[in-house]
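**Student:**
Protein chains: 2
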Amino acid sequence: MATDMEELQADNDALLGAEKVFSFFRKALLDGRLKPGDRLLSERELSLSLSVSRPVLREAFRALAMLGFLDIRHGKGAYVKGPDISVLTDFLTFSLAQQPDILDDVMQARIAIECQAIRLACERAGDADLAAIGGRLTRLMDTLDDPEAGGEADYAFHLAIVEAGRSAALVTLYQAISELLKRSHTARRQLTVGVQGIRDYLVDAHREVFLSIVARDPDAAEARLREHFAIGDELRRKSMLAAYAKIGRPDS
Amino acid sequence: MATDMEELQADNDALLGAEKVFSFFRKALLDGRLKPGDRLLSERELSLSLSVSRPVLREAFRALAMLGFLDIRHGKGAYVKGPDISVLTDFLTFSLAQQPDILDDVMQARIAIECQAIRLACERAGDADLAAIGGRLTRLMDTLDDPEAGGEADYAFHLAIVEAGRSAALVTLYQAISELLKRSHTARRQLTVGVQGIRDYLVDAHREVFLSIVARDPDAAEARLREHFAIGDELRRKSMLAAYAKIGRPDS
DNA sequence: TTGACATAAGTGGTATGACCACTGTATGGC
DNA sequence: GCCATACAGTGGTCATACCACTTATGTCAA
Numbered sequence: 002m003a004t005d006m007e008e009l010q011a012d013n014d015a016l017l018g019a020e021k022v023f024s025f026f027r028k029a030l031l032d033g034r035l036k037p038g039d040r041l042l043s044e045r046e047l048s049l050s051l052s053v054s055r056p057v058l059r060e061a062f063r064a065l066a067m068l069g070f071l072d073i074r075h076g077k078g079a080y081v082k083g084p085d086i087s088v089l090t091d092f093l094t095f096s097l098a099q100q101p102d103i104l105d106d107v108m109q110a111r112i113a114i115e116c117q118a119i120r121l122a123c124e125r126a127g128d129a130d131l132a133a134i135g136g137r138l139t140r141l142m143d144t145l146d147d148p149e150a151g152g153e154a155d156y157a158f159h160l161a162i163v164e165a166g167r168s169a170a171l172v173t174l175y176q177a178i179s180e181l182l183k184r185s186h187t188a189r190r191q192l193t194v195g196v197q198g199i200r201d202y203l204v205d206a207h208r209e210v211f212l213s214i215v216a217r218d219p220d221a222a223e224a225r226l227r228e229h230f231a232i233g234d235e236l237r238r239k240s241m242l243a244a245y246a247k248i249g250r251p252d253s
Numbered sequence: 002m003a004t005d006m007e008e009l010q011a012d013n014d015a016l017l018g019a020e021k022v023f024s025f026f027r028k029a030l031l032d033g034r035l036k037p038g039d040r041l042l043s044e045r046e047l048s049l050s051l052s053v054s055r056p057v058l059r060e061a062f063r064a065l066a067m068l069g070f071l072d073i074r075h076g077k078g079a080y081v082k083g084p085d086i087s088v089l090t091d092f093l094t095f096s097l098a099q100q101p102d103i104l105d106d107v108m109q110a111r112i113a114i115e116c117q118a119i120r121l122a123c124e125r126a127g128d129a130d131l132a133a134i135g136g137r138l139t140r141l142m143d144t145l146d147d148p149e150a151g152g153e154a155d156y157a158f159h160l161a162i163v164e165a166g167r168s169a170a171l172v173t174l175y176q177a178i179s180e181l182l183k184r185s186h187t188a189r190r191q192l193t194v195g196v197q198g199i200r201d202y203l204v205d206a207h208r209e210v211f212l213s214i215v216a217r218d219p220d221a222a223e224a225r226l227r228e229h230f231a232i233g234d235e236l237r238r239k240s241m242l243a244a245y246a247k248i249g250r251p252d253s
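First to last, the sequence lines map onto chains P and Y.
In this text, residue positions in the first sequence follow our numbering: the first is 2, and each later residue adds one.
In this text, residue positions in the second sequence follow our numbering: the first is 2, and each later residue adds one.
1. With DSSP collapsed to three states, give me the class of Y:G78.
2. Could you say if the region 142 to 156 of chain Y and the region 69 to 86 of chain Y meet the contact criterion of at least three C-beta pairs nearer than 8 Å?
3. Given a threshold of 16 other Cβ atoms within 10 Å of its Cβ, counted over all protein chains shown, does P:Y245 qualify as buried or as exposed?
4. Please report the straight-line C-alpha distance between Y:G83 and Y:R140, rounded to a whole angstrom.
5. Mind the definition here: the region 166 to 182 of chain Y touches the region 208 to 228 of chain Y only if three or more C-beta pairs lie below 8 Å; say whether that holds.
6. Apart from the five residues just before and just after Y:E7, which ones in its own chain have a Cβ nearer than 8 Å to its Cβ?
7. Looking at C-alpha atoms only, which residue of P:R190, P:H229, P:T173 is the closest neighbour of P:A206?
8. Please report the straight-line C-alpha distance between Y:A126 and Y:C116, rounded to a whole angstrom.
9. Applying a beta-carbon distance threshold of less than 7 Å, which residues of chain Y neighbour P:D106?
10. How about the region 101 to 116 of chain Y and the region 59 to 67 of chain Y: do they share at least three Cβ pairs that are nearer than 8 Å?
11. With DSSP run on the structure shown, which of helix, strand or coil describes P:L71?
12. With DSSP run on the structure shown, which of helix, strand or coil describes Y:N13?
13. What does the alpha-carbon distance come out to for the pair Y:K28 and Y:L35?
14. Going by DSSP in three states, Y:R200 sits in which element: helix, strand or coil?
15. With a cut-off of 8 Å on the beta carbons, I'd call P:A113 and Y:L93 a contact; round off their distance for me.
16. So, does the region 161 to 168 of chain Y touch the region 194 to 209 of chain Y, judging by three or more C-beta pairs under 8 Å?
17. Can you tell me the Cα-Cα spacing of P:P148 and P:F158, whole angstroms?
18. From the beta carbon of Y:C116, is the nearest beta carbon of chain P less than 8 Å away?
19. Which residues in chain Y have a C-beta closer than 7 Å to the C-beta of P:M67? List them in chain order.
20. What does DSSP give as the partner residue(s) for Y:E40 in the beta ladder?
21. Identify, in the order they occur along the chain, each residue of the same chain with its Cβ nearer than 7 Å to the Cβ of Y:L25, setting aside the five sequence neighbours on each side.
22. Given that P:Q100 touches chain Y, what residues does it touch there, using C-beta distances under 7 Å?
23. Below 8 Å on the Cβ atoms is my contact criterion, and I expect Y:A161 with Y:I134 to pass it. Report the Cβ-Cβ distance as a whole number of Å.
24. Of all the residues that make up the region 112 to 137 of chain Y, which are near chain P by a beta-carbon distance shorter than 8 Å?
25. Just curious, the alpha helix (DSSP H) that P:G151 is in, first and last residue?
26. For the putative contact between Y:R40 and Y:G78, defined by C-beta atoms under 8 Å, what is the C-beta separation to the nearest angstrom?
27. Only counting runs of 4 or more residues, tell me where the alpha helix (DSSP H) segments fall wholly within the region 174 to 224 of chain P, in order along the chain.
28. Decide if Y:E124 is buried, meaning its Cβ has at least 16 other Cβ atoms within 10 Å, or exposed.
29. For Y:A56, does the three-state DSSP call read helix, strand or coil?
30. What in chain Y is Cβ-close to P:Q109, meaning under 7 Å?
31. Can you tell me which of the three DSSP states Y:D102 falls into?
32. According to DSSP, is Y:T94 helix, strand or coil?
33. I believe Y:R190 touches Y:G151 by the beta-carbon criterion, under 8 Å. Please report the beta-carbon distance rounded to the nearest angstrom.
34. What span of residues does the alpha helix (DSSP H) with Y:A132 cover, start to end?
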């Protein structure tokens, strides 16, 4: 992936060991010789065929598996996997996790993606998309008292909106930050679970967002969504203040 | 990275070979024993210390290098590298490249990120950020006639806006799609280079966006930006139509 | 005949030891 | 003092052997 096409014509032995394997794999994938689901030759055969040693071939295999392009199963063989977003998710999670307050900052990415997706959803969503969002809304109402399940339902609802936008790029990015988003969701729920009137608010806010999509009004939908985020932020801040205040006093 | 924290307490030998290496590496990174720039023990020493064979350790090393966490230099050793976005970029480019029309769809992600970032920029941008954007604007005006340099200047301008938003998550995502964005930029410039009044439009549109940020008016800034995108889309469509019409006729 | 079990072949997983190629340093002669 | 060679340490590669898992095949007993 990193290197360019310079060596595409060269199946020759000028390459440095593992590069030969990567080159072979890339080419085979691009010209259709290998498709997701295909089974590769065994390590012994392939290493012979590419004239590299088995350890070298295994290094390359392991790296490809790490990147999600191969699924290696003990005793069965190595199978080609389509590009898998989970790798991207892991990598992003790990990269961003280094910084403090990332759970707050990832909220900005969430707002960005959802606000654009909801606009698209107003134009592009089909009946199935709307039904999916509605279903998640029901699920959300059923799990109001459980921070864990509630957080997941919340995430599922918003994911359905993004998917309704029918933009592969937006969905991919959203999935890429999904791990951090889920954490953020449950963390927020745990903070705000005791707030006065939170149940009614959650239901109303999400329903209004949903109805705006059904009405196919992009500006209103985005506005509702932004409002939802702003209020959520406000609630969260108050809850944190309350929590700190409680810590300060004796908790009789 | 993929697995969770269950085995964090287990330095024991319950792990499957390569996992031991990953576990060690992850732990050492998280508790600060390893920092970017550090040199790892030699393969022979480390394999002994982790009680795995050298080939297994090398497989893990190769995978980590592939992911950008290690820089392995022949004859010198293996050095820890900070997370490198370029891996993410490559992966995203490769994953999304499979689908047709991705260059159009990635525009949705771009709009999403920039529209949110410009809102943040209105609140958070410092003088240095504004100066940076201004500088890119000048550069943009100087390269109006060169599709290549012009495309890059265009990209640089918008990147400066995103950076002015001071959100690590947004910047990271933007960089992740940067490769596709750059292609998109130059492709658009090549299409619209001959359009009547395009030079004046480009300057005016970008300047207005810039001035909105300076005025610190989020709603206006986002509106200007969306308008810019919409008009760009319109221009591009017209140009494509014109190009097709020209092909239909004899090009005397 | 049919079921369950044992066996064998093929696969990935690991280990060992040796050797090559590259790098930096130390040691020798000049 | 300086340069060139030799050496030690490193990653890079290889060949071989063996272990563990999966599957299919075949065999034996009910």
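We treat Cβ as the ideally placed atom computed from N, Cα and C, and that holds for glycine.
All values derive from a computational prediction rather than experimental measurement.
**Tutor:** The relevant details are as follows:
1. It is a strand residue.
2. Touching, no.
3. Burial call: exposed.
4. Straight-line Cα distance between these residues: approximately 31 Å.
5. No, they do not touch.
6. Since pLDDT at Y:E7 reaches only 37, below the 50 mark, its modelled position is unreliable, and the value read off the structure follows with that caveat. Answer for Y:E7: no residue qualifies.
7. Measuring from the Cα of P:A206, the nearest candidate turns out to be P:H229.
8. Computed Cα separation, rounded: 15 Å.
9. What P:D106 touches in chain Y: S168, A169, A170.
10. Counting Cβ pairs under 8 Å, fewer than three are found: no touch.
11. Strand, per DSSP.
12. With a pLDDT of 44 at Y:N13, under the threshold of 50, the predicted position of this residue should be treated as unreliable, and no value is reported.
13. Cα-Cα distance, rounded: 9 Å.
14. In this structure, Y:R200 counts as helix in the three-state DSSP scheme.
15. About 16 Å separates the beta carbons of P:A113 and Y:L93, which is beyond the 8 Å limit, so they are not a contact pair.
16. The region 161 to 168 of chain Y makes no contact with the region 194 to 209 of chain Y; the number of CB pairs closer than 8 Å stays below 3.
17. Here the C-alpha atom of P:P148 lies approximately 15 Å from the C-alpha atom of P:F158.
18. Using a CB distance cut-off of 8 Å, Y:C116 counts as an interface residue toward chain P.
19. A64, M67, L68, listed in chain order.
20. One point to set straight first is that residue 40 of chain Y is Arg, not Glu, in the sequence displayed. Bridge partners of Y:R40: Y:Y80.
21. Just to set this straight, residue 25 of chain Y is Phe in the shown sequence, not Leu. Cβ neighbours of Y:F25 within its own chain (closer than 7 Å, five residues either side excluded): L51.
22. By Cβ distance, chain Y contributes A169.
23. The pair is a contact, with the Cβ atoms about 4 Å apart (cut-off 8 Å).
24. With the criterion set as a beta carbon lying under 8 Å from some beta carbon of chain P, the members of the region 112 to 137 of chain Y are I112, A113, I114, C116, Q117, A118, L121, in sequence order.
25. It spans 148 to 165 - the alpha helix (DSSP H) in which P:G151 sits, taken as one unbroken run.
26. Confirmed, about 5 Å.
27. At a cut-off of 4 residues, the continuous stretches assigned as alpha helix (DSSP H) that sit fully inside the region 174 to 224 of chain P are 179 to 193, 199 to 215.
28. Taking all protein chains shown into account, Y:E124 has fewer than 16 neighbouring C-beta atoms within 10 Å of its C-beta and is therefore exposed.
29. Reading the sequence as shown, one finds Pro at residue 56 of chain Y and not Ala. Helix, per DSSP.
30. Contact annotation for P:Q109 against chain Y: Q117, L121, S168, A170, L171 [CB-CB distance below 7 Å, chain order].
31. Here Y:D102 sits in coil by DSSP.
32. Y:T94: helix per DSSP, three-state reduction.
33. At roughly 5 Å, the Cβ-Cβ gap stays under 8 Å, so Y:R190 and Y:G151 are in contact.
34. Start and end: 128 to 143.
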